[in-house]
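Trainee:
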Amino acid sequence: MSRKTGRLLIALLLTGCVITIGVGGYLARAATSVSDPFAALRVTRLVAPVPIAAFDLKALDGGSVRSNELAGKVVLLNFWATWCGPCKEEMPSLARLQSQLDSTQFQVVTVTTDIHPQGIKQFLNHLGISLPVLFDESEDVSRSFMVRGLPTTVLIRPDGRAVGRAVGPRAWDGKESVALMQHLLEGMK
1 MSRKTGRLLI
11 ALLLTGCVIT
21 IGVGGYLARA
31 ATSVSDPFAA
41 LRVTRLVAPV
51 PIAAFDLKAL
61 DGGSVRSNEL
71 AGKVVLLNFW
81 ATWCGPCKEE
91 MPSLARLQSQ
101 LDSTQFQVVT
111 VTTDIHPQGI
121 KQFLNHLGIS
131 LPVLFDESED
141 VSRSFMVRGL
151 PTTVLIRPDG
161 RAVGRAVGPR
171 AWDGKESVAL
181 MQHLLEGMK
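Numbering (this note's numbering) for the sequence shown: 1 to 189.
1. Using three-state DSSP, classify G145 as helix, strand or coil.
2. Determine the contact status of L155 and L94, defining contact as a CB-CB distance below 8 Å.
3. Is I120 near P92, with beta carbons less than 8 Å apart?
4. Where D56 and L134 are concerned, what is the direct C-alpha to C-alpha distance, given to the nearest angstrom?
5. Excluding sequence positions up to five away, which residues of its chain have a Cβ less than 6 Å from the Cβ of A179?
6. So for G164, helix, strand or coil by DSSP?
7. Between which two residues does the alpha helix (DSSP H) harbouring Q122 extend?
8. Give me the Cα-Cα distance between Q105 and W83, rounded to the nearest whole angstrom.
9. Could you check whether G164 and T44 sit closer than 8 Å to each other, using their CB atoms as the reference points?
10. Does the CB of F145 have a neighbour CB from chain B at under 8 Å?
11. Quick one: residues in its chain with C-beta nearer than 8 Å to the C-beta of S191, no 5 flanking neighbours on either side, listed in chain order?
12. When you compare only the Cα positions, how much space is there between S33 and F145?
13. Name the two residues that bound the continuous beta strand (DSSP E) containing V43.
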């Protein structure tokens, strides 16, 4: 065998190994995504579910919402702002997710540090969205959930413990999201 042929065979062998490793890694990730609804949506699963800090926030509708009022439901707590483009883009998918699930068992709740209720109302009305919006004017709740970037979403079990966290926008109305919420709802039974 010539030196040139030998090099060609080694190059082909190495290329085959790289392709095999790449495909194997892809298949492993795909298998994980199918078996782990958190991974499928790129939601970080919290190793030990953490009790959320109690809060009482003023709502856009004029009322207030206390964290203990959410007990008994799976809650998707979304931190956002009107100045955050990705936040505004994902908002309709949050509303669609809420409409796909039973509101007696699942609730999307949004939290903002924005202080312009009229602008928020106009934005939601323009898109035809009806979701609870809570005002975190002091940013205490945002700090307690360690919100460093927007949007940040925290998933909370019915017992008031945070179990997952996502930073950045998601298509919350996709099949992966619905599967994750149903997984959390099954944990209620």
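Don't be surprised by glycine CBs; every beta carbon is placed ideally from N, CA and C.
Mentor: Short version:
1. Here residue 145 is taken as the residue at index 145 of the sequence shown, counted from 1. The displayed chain sequence assigns Phe, not Gly, to residue 145. If DSSP states are grouped into helix, strand and coil, F145 belongs with coil.
2. Looking up residue 155 in the sequence shown gives position 155. Looking up residue 94 in the sequence shown gives position 94. For L155 and L94, no; Cβs fall outside 8 Å.
3. Locating residue 120 in the sequence shown gives position 120, counting from the first residue. Locating residue 92 in the sequence shown gives position 92, counting from the first residue. In this structure, P92 does not lie closer than 8 Å to I120 by Cβ.
4. Sequence index remark: in the sequence shown, residue 56 carries index 56 (1-based). Sequence index remark: in the sequence shown, residue 134 carries index 134 (1-based). Going by the C-alpha atoms only, they are around 9 Å apart.
5. Numbered from its first residue, the sequence shown carries residue 179 at position 179. Closer than 6 Å at Cβ, skipping near neighbours: P37.
6. As a position in the sequence shown, residue 164 is number 164, starting the count at 1. Strand, per DSSP.
7. Counting from one through the sequence shown, the residue named residue 122 turns up at place 122. Segment 117-127, the alpha helix (DSSP H) holding Q122.
8. In the sequence shown, residue 105 corresponds to position 105, counting from 1. In the sequence shown, residue 83 corresponds to position 83, counting from 1. Distance between the alpha carbons of Q105 and W83: 31 Å.
9. On the sequence shown, residue 44 is found 44 positions in, with the first residue counted as 1. On the sequence shown, residue 164 is found 164 positions in, with the first residue counted as 1. Yes. Within cutoff.
10. As a matter of chain content, chain B is missing from the structure shown, which is built from one protein chain.
11. Residue 191 lies beyond the range of the chain shown here (1 to 189); nothing can be said about it.
12. To locate residue 33, count along the sequence shown from 1; it is residue 33. To locate residue 145, count along the sequence shown from 1; it is residue 145. Caution is warranted here: a pLDDT of 43 is assigned to S33, below 50, making its placement in the model unreliable, and no coordinate value can be reported.
13. As a first step, residue 43 must be located in the sequence shown, where it is residue number 43. From DSSP, V43 is part of no beta strand (DSSP E); its letter is neither H nor E.
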